[in-house]
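Asker: Residue numbers (my numbering): 10 to 297.
For every residue, glycine included, the Cβ atom is placed at its ideal position computed from N, Cα and C.
The structure is given below, and queries will be raised subsequently.
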Amino acid sequence: MLRFVPEYTPPTKEVLQKFRDIIAGVDRLIVLTGAGISTESGIPDYRSEKVGQYARTNYRPVDHNDFMRNESWRKYYWSRNLVQYPSFSRSKPNIVHKTIAEWEKSDRFTWLITQNVDGLHTEAGSKKVTELHGCSRRVQCMNCNALYPRDEMQKWILEANPDWLEKMVGTKEPDGSEHLTDEAIDAFNVPHCPKCGPGSILKTDVVFFGDNLRGTDVSTTYEKLEESNGMLVLGSSLQVMTGYNIVRAAFVQSMPIVIVNIGATGADDLATMKIAAKCSDVVKEVHL
10 MLRFVPEYTP PTKEVLQKFR DIIAGVDRLI VLTGAGISTE SGIPDYRSEK VGQYARTNYR
70 PVDHNDFMRN ESWRKYYWSR NLVQYPSFSR SKPNIVHKTI AEWEKSDRFT WLITQNVDGL
130 HTEAGSKKVT ELHGCSRRVQ CMNCNALYPR DEMQKWILEA NPDWLEKMVG TKEPDGSEHL
190 TDEAIDAFNV PHCPKCGPGS ILKTDVVFFG DNLRGTDVST TYEKLEESNG MLVLGSSLQV
250 MTGYNIVRAA FVQSMPIVIV NIGATGADDL ATMKIAAKCS DVVKEVHL
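Pasting the structure below:
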């Protein structure tokens, strides 16, 4: 499960004590999480050196407008998603997800904002959470807005593509997923919404690159930020402006900010403290 966790040096006792002292002074804690917390569940992040998806594969995210306008991009996206989903669906919450869910029982915990789309916070029991970028365990019809479980979509894809996996899947990529040829992608059939029929577009219920965040999620995020007086960032590089702007807003509010992430982040200069360590090594030190 740790093969996607980058190399790091465990935090010293002195570092952990300073961390505990900062958190002890916070009575309304807001938490922001990124892909780094789920690497311990076997889900790779994008940007980590050597082990991130960008470093190991030629994969790049699909742009929202490309997906909506071009069937070939939908074929590309869903064919890869079909192959990778079984491994993804077996991923389980780790100690970080479970610990954050436990923090909800404390009056000192305000809210959780996650940039992750893996749904592991919810599976761990978190209820005070905003999934800022959506959740890939749901599928949305872009015509009628109906939502379906991702498991259902898997069945529909397999029904629309009998024998496709056996005939078309090729060699392994460096991350263990399958390399799909142009021929395989072209032969792939993308299912349509069972309510709307042919011509409808099904998309995972996540915010693709180039798409807009849901207004209600953004407003909730900043409302909860106003109610807080301390921020803990876990496993986010803060390279995407969404996350950076949230941390920037916390900085403007003059609240202490602790960032736990292996590798540099876009907001290191805003942090009261930065810890370059595995998140599970640090969250166990928090007792709200």
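1. Can you tell which of D277, I122, A196 has the C-alpha that lies nearest to the C-alpha of S228?
2. Return the CA-CA distance between E80 and N90, expressed in angstroms with no decimal places.
3. Using three-state DSSP, classify T251 as helix, strand or coil.
4. When you compare only the Cα positions, how much space is there between K349 and D220?
5. Report the residue from I268, I46, S96, W87 whose alpha carbon sits nearest the alpha carbon of I194.
6. Along the chain, where does the alpha helix (DSSP H) containing L167 start, and where does it finish?
7. What residue from R117, R146, D116 has the CA that sits closest to H130's CA?
8. Residues in its own chain within less than 7 angstroms of A259 by CB, not counting five upstream and five downstream?
9. Once the 5 residues before and after E113 are set aside, which same chain residues still bring their CB inside 6 angstroms of it?
10. Looking at the secondary structure, which residues open and close the alpha helix (DSSP H) in which S228 lies?
11. How would you call H106, buried or exposed, if buried means at least 16 neighbouring beta carbons within 10 angstroms?
12. Using the C-alpha atoms, what's the distance from A273 back to N254?
13. Can you tell me whether DSSP reads M282 as helix, strand or coil?
14. Rounded C-beta distance between S237 and M264? I'm assuming under 8 angstroms.
15. Closer than 7 angstroms by C-beta to A280: which residues in its own chain qualify, once you throw out the five before and the five after it? Chain order, please.
Answerer: Walking through what the data contain:
1. Per the Cα distances, I122.
2. Distance between the alpha carbons of E80 and N90: 15 angstroms.
3. Shown here, T251 sits in a helix according to DSSP, grouped into three states.
4. The first residue shown for the chain is 10 and the last is 297, placing residue 349 beyond what the model contains.
5. Checked all of I268, I46, S96, W87; the closest Cα to I194 is W87.
6. Segment 159–169, the alpha helix (DSSP H) holding L167.
7. Among R117, R146, D116, the Cα nearest to that of H130 belongs to R146.
8. So the qualifying residues of the chain are L234, M240, I266.
9. When the five nearest sequence neighbours on each side are left out, the beta carbons in the same chain lying within less than 6 angstroms of the beta carbon of E113 are those of K137, in order along the chain.
10. Annotation for S228: the continuous alpha helix (DSSP H) segment containing it runs 224–235.
11. Per the 10 Å Cβ criterion, buried.
12. Rounded to whole angstroms, N254 to A273 spans 16 angstroms at the Cα level.
13. Per DSSP, reduced to three states, the secondary structure at M282 is strand.
14. Going by Cβ atoms, the distance from S237 to M264 rounds to 7 angstroms, so yes, they are a contact pair.
15. Closer than 7 angstroms at Cβ, skipping near neighbours: I266, V267, I268.
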